[in-house]
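In the UniProt record's numbering, the protein residues as written are 1 to 164.
Notes for the one structure printed next.
Below you can see the structure in the form of structure tokens.
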């Protein structure tokens, strides 16, 4: 694990070694640290380590409740999408950084995580163009992964309407 070159590689290698519950908590703590840093940076609020960990534990508990409540929905989706994958695509836009961020998440028919990717490009562009670019990048990525039977899901109505 110490041979990894980047923080991301180290974190993903560590996640592979942890149990499912430990990985959930670790990822939640990372998110909570990020949130704490933003609170300090943007609102000048300083949090204790206990508050950061407590927020992460609360998040894990909330996710477990949500997963439990969504079990019936996932089962009904599995019946209609048997054998298919779903790639959720989203874009974010930063005028300040002059860039567009893209996030892709692939899940199986049961809603279980398969793979994810993030990337960015510049300059910033109109939202419909950015969302369409996100779809294009996601299609290329899925092609590189040699995946079949993939449904793409976007929240950009203009782009979705164009392809439907």
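Even glycine gets a Cβ: it sits at the ideal position worked out from N, Cα and C.
From a predicted model like this one, the values you see are computed outputs, not experimental measurements.
{"Asked": "How should residue 134 be labelled, buried or exposed, when 16 other C-beta atoms within 10 angstroms of its C-beta is the threshold for buried?", "Found": "buried"}
{"Asked": "If we count Cβ pairs, one from each stretch, closer than 8 Å, do we get three or more for the segment 79 to 97 versus the segment 140 to 159?", "Found": "yes"}
{"Asked": "Who pairs with residue 108 in a beta bridge, going by DSSP?", "Found": "Residue 108 is not bridged to any residue."}
{"Asked": "Identify every run of the beta strand (DSSP E) within the UniProt domain \"RNase H type-1\" (88 to 163), keeping only runs that are complete inside it and at least 3 residues long; order them along the chain.", "Found": "99 to 107, 113 to 121 and 150 to 153"}
{"Asked": "Within a Cβ cutoff of 7 Å, which residues of the same chain sit near residue 154, ignoring the five residues on either side of it in sequence?", "Found": "89, 131, 135 and 160"}
{"Asked": "Say the cut is 6 Å; is the CB of residue 83 nearer than that to a heavy atom of the ligand GDP?", "Found": "As far as ligands go, the structure on display features none, and thus does not contain the ligand GDP."}
{"Asked": "Let me make sure I understand the geometry here. Which of 137, 38 and 70 has the alpha-carbon closest to that of residue 101?", "Found": "137"}
{"Asked": "Excluding the 5 residues flanking residue 141 on each side, which residues of the same chain have their C-beta closer than 7 Å to its C-beta?", "Found": "104 and 117"}
{"Asked": "Around the C-beta of residue 54, are 16 or more other C-beta atoms found within 10 angstroms, so that it is buried, or is it exposed?", "Found": "exposed"}
{"Asked": "Residue 52: buried (16+ other C-beta within 10 angstroms of its C-beta) or exposed?", "Found": "buried"}
{"Asked": "For the alpha helix (DSSP H) holding residue 66, just list the boundary residues, first then last.", "Found": "49 to 69"}
{"Asked": "Thinking residue 56 and residue 25 are a contact (beta carbons under 8 Å), I'd like their distance in whole angstroms, please.", "Found": "6 Å"}
{"Asked": "Is the beta carbon of residue 15 sitting closer than 7 Å to the one on residue 23?", "Found": "yes"}
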